[in-house]
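Engineer: Residues 13 to 99 (this note's numbering) are what the sequence shown spells out, left to right.
Please read through the structure below; I'll follow up with questions.
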Amino acid sequence: MKQKQFINGDTNWFECKCGNTPASSGFYPCHPSGVIREPDGDWNGLYVCFDCGNIIDQDTLEIVAHATYAAGLFNADYFSQSEFLRR
Ligand SMILES: [Zn+2]
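So, in structure tokens, the structure goes:
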């Protein structure tokens with residue numbers, strides 16, 4: 013059985029295994045696939061590490077999965093299209 017893995021920090025301050033924190037690349041609400049989404053309605057409390065793609069349960073800090081390659085591509089595009097335009 014695969015051992016559970018957790019990030020450091022607490023529910024208000026994530027510190028990913030890769031070194032990412034909210035002050036650097038940050039974490040974003042995501043689908044189970046790792047695709048970034050708005051934290052509305054049926055959101056399940058998952059965050060994706062923008063640097064390494066770890067998918068984190070916000071309540072337990074468990075690394076529940078890793079973003080798919082396709083999700084990573086989508087997310088890179090998400091920021092080139094929305095985040096930069098918002099600044
Ligand atoms: Zn990470």
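Glycine included, each C-beta is placed from N, C-alpha and C at the ideal position.
Can you tell me the Cα-Cα spacing of Gly53 and Ser37, whole angstroms?
Structural biologist: Within the sequence shown, numbered from 1, the residue matching residue 53 stands at position 41. Within the sequence shown, numbered from 1, the residue matching residue 37 stands at position 25. Their Cα atoms are separated by approximately 25 Å.
Engineer: Closest by CA to Asp63, which one among Phe39, Gln17, Glu50 and Gly21?
Structural biologist: What you label residue 63 is simply residue 51 of the sequence shown in a count that begins at 1. Looking at the Cα atoms, Phe39 is the closest of the given residues.
Engineer: Could you tell me which of Ile48, Ile68, Ala77 and Cys42 sits nearest to Trp25, measuring between CA atoms?
Structural biologist: Position 13 of the sequence shown, counted from the first residue, corresponds to residue 25. Here the closest residue by C-alpha is Ile68.
Engineer: If I measure Cβ to Cβ from Ser45 and keep anything under 6 Å in the same chain, skipping five residues before and after, which residues do I get?
Structural biologist: The residue given as residue 45 occupies position 33 in the sequence shown. If we look at Ser45 and ignore the five residues flanking it on each side, its Cβ neighbours are Thr80 and Ala83.
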